[in-house]
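Here's the structure we're looking at; comments come further down.
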Amino acid sequence: MAEPLLKVEHLKKYFHTNQGTLHAVDDVSFTLNKGETLGVVGESGCGKSTLGRTILRLYEPTGGKVFFEGKEVTSLTKPEMKALRRDMQIIFQDPFASLNPRMTISETIGESLLIQKIYTRKQGPQLKKRVLELMDFVGLSPRLVNSYPHELDGGRRQRIGIARTLALDPKFIVCDEPVSALDVSIQAQILNLMQDLQDEFGLTYLFITHDLSVVKHLSNTIAVMYLGQIVEHAPSLVLFEKPLHPYTQALLSAIPVPDPDYEVNRVLLQGELTSPVDPVPGCRFAKRCPYASDACRKADIPLKEVQPGHFVACTLV
Amino acid sequence: MKPSDAKKQRTLAAETWRRFRKNKLALSGMIVLLALVLIALSTIVIDLVTDNAIYNNYVIKQNLRLRLQGPSKAHIFGLDEFGRDIFMRMIWAVRYSLFMGTIAIALSTVVGVLLGSIAGYYGKVTDNIIMRFMDVLLAIPSMLLATAIVAALGTSLTNVLIAIAISYVPTFARTVRASVLTIKDQEFIEAARAMGASDLRIIFKYILPNSMAPLIVQATLGVAGAILSIAGLSFLGLGIQPPTPEWGSMLSSARSYIREGWHITVIPGLGIMITILALNVMGDGLRDALDPRLKN
Chain W
2 MAEPLLKVEH LKKYFHTNQG TLHAVDDVSF TLNKGETLGV VGESGCGKST
52 LGRTILRLYE PTGGKVFFEG KEVTSLTKPE MKALRRDMQI IFQDPFASLN
102 PRMTISETIG ESLLIQKIYT RKQGPQLKKR VLELMDFVGL SPRLVNSYPH
152 ELDGGRRQRI GIARTLALDP KFIVCDEPVS ALDVSIQAQI LNLMQDLQDE
202 FGLTYLFITH DLSVVKHLSN TIAVMYLGQI VEHAPSLVLF EKPLHPYTQA
252 LLSAIPVPDP DYEVNRVLLQ GELTSPVDPV PGCRFAKRCP YASDACRKAD
302 IPLKEVQPGH FVACTLV
Chain H
3 MKPSDAKKQR TLAAETWRRF RKNKLALSGM IVLLALVLIA LSTIVIDLVT
53 DNAIYNNYVI KQNLRLRLQG PSKAHIFGLD EFGRDIFMRM IWAVRYSLFM
103 GTIAIALSTV VGVLLGSIAG YYGKVTDNII MRFMDVLLAI PSMLLATAIV
153 AALGTSLTNV LIAIAISYVP TFARTVRASV LTIKDQEFIE AARAMGASDL
203 RIIFKYILPN SMAPLIVQAT LGVAGAILSI AGLSFLGLGI QPPTPEWGSM
253 LSSARSYIRE GWHITVIPGL GIMITILALN VMGDGLRDAL DPRLKN
């Protein structure tokens, strides 16, 4: 059994809004092993991105604990946190917004090395060499070294984002929908690149996406989120073979199949996503669930291990 | 852009200059300003070398018999209401009008940028304290504020500078705060934070370079406004004291003689206008040149 790299326990992130307390991440727990990929899927606004950012402490968690290599992350001081940022990195969704438009590619990639004082300004030649090496890793031509982000297409920009992340030689990367802003053909390139890098550097990914087909071939395990909570967490193949939670079943049935003769057997959900502001106790999904009973509405449903490694939060199983 | 260009390491200054050069209008604005700076510097040197002889004999020398005489070969801009040579006065006035305006705005830009970026970046209580204070300053008309400050501190060049600088701080703080607010929530700021960048680094390397455009426009307009404010203070007797030449005070004292001699109002007015125009076109050019997205 691989050793756990990241352990999240009862993580909570609430935002205070004028309407009330928004439960963006509500009591999420999971363990992620070294070198593995956890896919986090769910619809827009279910708290996937907030989860990733809270783990990295880009948002201060409201409650719960995050252990990285056994170290408790949420109680670290500022300098300790800065040191830890070498190991925990993030790749952003929007390659247009996540790069400083005033910095050239080499500056952007070199920036993290300067911030973490791996190189100083005086070590220009070494820094440049490292930047070119990183550009090579992610498949960027060295002639782009002094270009600005606006001169490049989305795929190349995302490669810059990846190179910047890799510069610090991290162990764990939160990938916040890294391909959803890209064309399908570019998506495949970037995904392949990320997989190659994982093999080469032994990276651990938390892969956030709303696209199930993307996580299917990347992830070892998949966690399905609904309104801030994990409703099902299982090894990738098991989840696709035998989804147990009604929400997962509905999600899976929504994957388009490129076969005109395929008989669509969609589980259509009724109603809207309920509001994450001051949620009532009970299963968050109960209002839209075709099988909901009174038991679902009474109290929160905890995750239950139905098979080794397969967790579901549902009264039906 | 040719691919060969890309290989060369380009510094920001060189790159900005390369782009600035292509804007002929901005370039001519810069040439006008450089010429003015040169004029101002040479008058200072002349005064030092000649021990104010030229200043005393030509700039403030009165000749009441020739008062209000129009432009002629001997006096190409004519003479003013005391028979002083307007050309010489215009030349000697450059240092006050241009330098004081520039210095005052430079001061208020520095203070305004600091206050505005701190307020915008940290938000909440900090923002409220700083910006409410700025609001108080803004609520008082800047001319009145400057007048009050000069009246309180006493009339001197430094005090006029300080007064004008203070009265322009709120506009800069507001402008900077607004752009900081739009930029600080963008993903590249979050990326910097994820790398462990400090607040100072984020403000100076990520936020401010991306909020230069409104700031530069504001600053060039500010210099123009400051020149007018200095003129206004001079007119009230609080700025530069006669007989020291200054475009604004020349213009305002000439006002009463506008029906007897057109040239004594038009010439200082043209001087102010040309300077301000040059500042504005150069500011526009600079803003465009500093933005790598508006390449070529």
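If you read the protein sequences in the order shown, they are chains W and H.
Each residue of the first sequence is one higher than the last, beginning at 2 in my numbering.
Each residue of the second sequence is one higher than the last, beginning at 3 in my numbering.
Quick reminder that beta carbons are idealized off the backbone N, C-alpha and C, glycines included.
Comparing the C-beta of residue i with each C-beta of chain H, is any distance below 8 Å?
i	result
Pro102(W)	yes
Gln127(W)	no
Asp88(W)	no
Leu153(W)	no
Glu70(W)	no
Glu112(W)	yes
Gln117(W)	yes
Lys14(W)	no
Lys172(W)	no
Lys83(W)	yes
Ala98(W)	yes
Leu52(W)	no
Using three-state DSSP, classify residue i as helix, strand or coil.
i	result
Lys305(W)	strand
Val29(W)	strand
Leu100(W)	coil
Ile163(W)	helix
Lys299(W)	helix
Ile209(W)	strand
Tyr227(W)	strand
Asn58(H)	helix
Lys72(W)	strand
His24(W)	strand
Thr275(W)	coil
Thr105(W)	coil
Val323(W)	The structure shown has nothing for residue 323(W), since chain W only spans 2 to 318.
Leu317(W)	coil
Asn147(W)	coil
Asn34(W)	strand
Thr121(W)	coil
Asp87(H)	strand
Val51(H)	helix
Phe135(H)	helix
Thr184(H)	helix
Gly64(W)	strand
Thr104(H)	helix
Our contact map puts residue i next to residue j with C-beta atoms below 8 Å; I'd like the distance itself, whole angstroms only.
i	j	result
Tyr248(W)	Val281(W)	Actually they do not touch by this definition, with Cβ atoms about 17 Å apart.
Gly43(W)	His311(W)	Rounded, the Cβ-Cβ distance is 18 Å, inconsistent with contact.
Pro270(H)	Ala280(H)	Not quite, the Cβ-Cβ distance comes to about 16 Å (not below 8 Å), so this is no contact.
Arg1(W)	Pro171(W)	Summary: the structure shown does not reach residue 1(W), with chain W confined to residues 2 through 318, and so no result is reported for it.
Val182(H)	Ser213(H)	6 Å
Ala228(H)	Ile56(H)	Rounded, the Cβ-Cβ distance is 28 Å, inconsistent with contact.
For chain W, find out if any of its Cβ atoms is closer than 8 Å to the Cβ of residue i; answer yes or no.
i	result
Ala8(H)	A caution first: Ala8(H) carries a pLDDT of 42, below 50, which makes its placement in the model too unreliable to give a value.
Glu192(H)	yes
Glu189(H)	yes
Asn65(H)	no
Ala199(H)	yes
Tyr208(H)	yes
Ala55(H)	no
Pro216(H)	no
Asn212(H)	yes
Arg195(H)	yes
Arg203(H)	yes
Gln11(H)	Residue placement at Gln11(H) is flagged as unreliable, the pLDDT there being 49, under the threshold of 50; the coordinate-derived value follows with that caveat. Yes, Gln11(H) lies at the interface with chain W (some Cβ there is under 8 Å from its Cβ).
On the DSSP letters alone, give me the boundaries of the beta strand (DSSP E) that residue i sits inside.
i	result
Gln230(W)	230-236
Pro5(W)	5-17
Met89(W)	89-92
I'd like to know if residue i contacts chain B, where contact means its C-beta is closer than 8 Å to some C-beta of that chain.
i	result
Phe93(W)	No chain B is present in this structure, whose protein chains are W and H.
Would you give the residue range spanned by the alpha helix (DSSP H) that residue i belongs to?
i	result
Glu192(H)	189-197
Ile276(H)	265-292
Phe180(W)	Reading off the sequence, residue 180(W) comes out as Val, not Phe. Run containing Val180(W): none; DSSP gives neither H nor E here.
For the ligand NAD, is there any heavy atom lying closer than 7 Å to the beta carbon of residue i?
i	result
Gly31(H)	This structure does not include the ligand NAD; it has no bound ligands of any sort.
Give a yes or no on contact between the segment 157-170 of chain W and the segment 96-112 of chain W, applying the rule of three or more CB pairs nearer than 8 Å.
yes
Under 8 Å: do the segment 228-247 of chain W and the segment 25-34 of chain W share three or more Cβ pairs, one atom per stretch?
yes
Any chance the segment 100-119 of chain W sits against the segment 140-157 of chain W, with 3 or more Cβ pairs inside 8 Å?
yes
Inter-stretch contact at 8 Å, needing at least 3 Cβ pairs: the segment 107-125 of chain H / the segment 165-182 of chain H
yes
For the 8 Å Cβ check, are there 3 or more pairs between the segment 276-291 of chain H and the segment 24-35 of chain H?
yes
At a cut of 8 Å, does the segment 92-102 of chain H reach the segment 262-277 of chain H through at least three beta carbon pairs?
yes
Contact between the segment 57-69 of chain W and the segment 283-299 of chain W: three or more CB pairs below 8 Å?
no
Three Cβ pairs or more, each shorter than 8 Å: is that satisfied between the segment 186-198 of chain H and the segment 76-95 of chain W?
Three or more beta-carbon pairs drawn from the segment 186-198 of chain H and the segment 76-95 of chain W are found closer than 8 Å, and the two stretches are therefore classed as touching.
Do the segment 112-131 of chain W and the segment 187-199 of chain W meet, that is, are 3 or more Cβ pairs less than 8 Å apart?
Contact between the segment 112-131 of chain W and the segment 187-199 of chain W is absent, because fewer than three Cβ pairs lie under 8 Å.
Could you tell me whether the segment 248-258 of chain W touches the segment 268-287 of chain W, using the rule of 3 or more Cβ pairs below 8 Å?
yes
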